[in-house]
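In what follows, a structure is listed as structure tokens, so that the remarks can point back to it.
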Amino acid sequence: MKKIFLIIICMFLATSVFAQNNDAEIKSIQNYIQSTSQNEWFDPINKPGTTATGTTYDLSYYVLSNNNIFSIIYTVFDKYTLQKVFYYKNNELIACIIEETDANNVNKLLRYADYFFKDGQLINTADENKEIPSATIYQEGIQKLKEVDFN
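Positions -19 to -1, 1 to 132 (mature numbering (1 follows the signal peptide of the UniProt record, and there is no 0)) are the ones given, in order, by the sequence shown.
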């Protein structure tokens, strides 16, 4: 009985420490995004286009002075506007914010997710939105980074 009780306590402590580490990682990522946004000078590069289904989109990316990508904003305009903002640090995806709104009422938020990544792993697992899987978003963020063209 003592062994079971001790195991339960150890599992609780391990979970608590893991959650605190995740909170610290998320705050660190948020601080990086905020300070970089405030302290860097960006000249956005915009590339509008059309999807295979005829829907228009805009791809904008922001380059740091060291020629690394800071963020990519991918917005699809249709009946619903879907915007994905990917954030990178040293060419590694660290965060993504996804918002889907009604095109006729931008204040009407239909879907939302924010994901934070470290070494390719989702660190805010409790915030997983089943409609917007983090693994898919991570792969899309990596693909968008590969598609960026500085010319």
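Glycine included, each C-beta is placed from N, C-alpha and C at the ideal position. Note that the structure is predicted; figures quoted are calculated from it, not measured.
Inter-residue Cα distance where the pair is residue i and residue j
i, j, result
"residue 78", "residue 94", "6 Å"
"residue 125", "residue 31", "15 Å"
"residue 120", "residue 62", "21 Å"
"residue 22", "residue 101", "27 Å"
"residue 81", "residue 46", "31 Å"
"residue 5", "residue 71", "19 Å"
"residue 128", "residue 52", "13 Å"
"residue 24", "residue 41", "10 Å"
"residue 108", "residue 87", "23 Å"
"residue 83", "residue 10", "29 Å"
"residue 118", "residue 85", "25 Å"
Paired residues, beta bridge with residue i - DSSP
i, result
"residue 98", "103"
"residue 29", "39"
Buried or exposed (CB count within 10 angstroms, at least 16 for buried), residue i
i, result
"residue 60", "exposed"
"residue 74", "buried"
"residue 8", "exposed"
"residue 89", "exposed"
"residue 28", "exposed"
"residue 48", "exposed"
"residue 18", "exposed"
"residue 111", "exposed"
"residue 115", "buried"
"residue 76", "buried"
Continuous beta strand (DSSP E) stretch holding residue i: start and end
i, result
"residue 148", "With the chain covering -19 to 132 only, the question about residue 148 has no answer from this structure."
"residue 82", "73 to 83"
"residue 51", "50 to 58"
C-beta neighbour in chain C for residue i, strict 8 Å
i, result
"residue 8", "Here chain C cannot be found, since the structure has a single protein chain."
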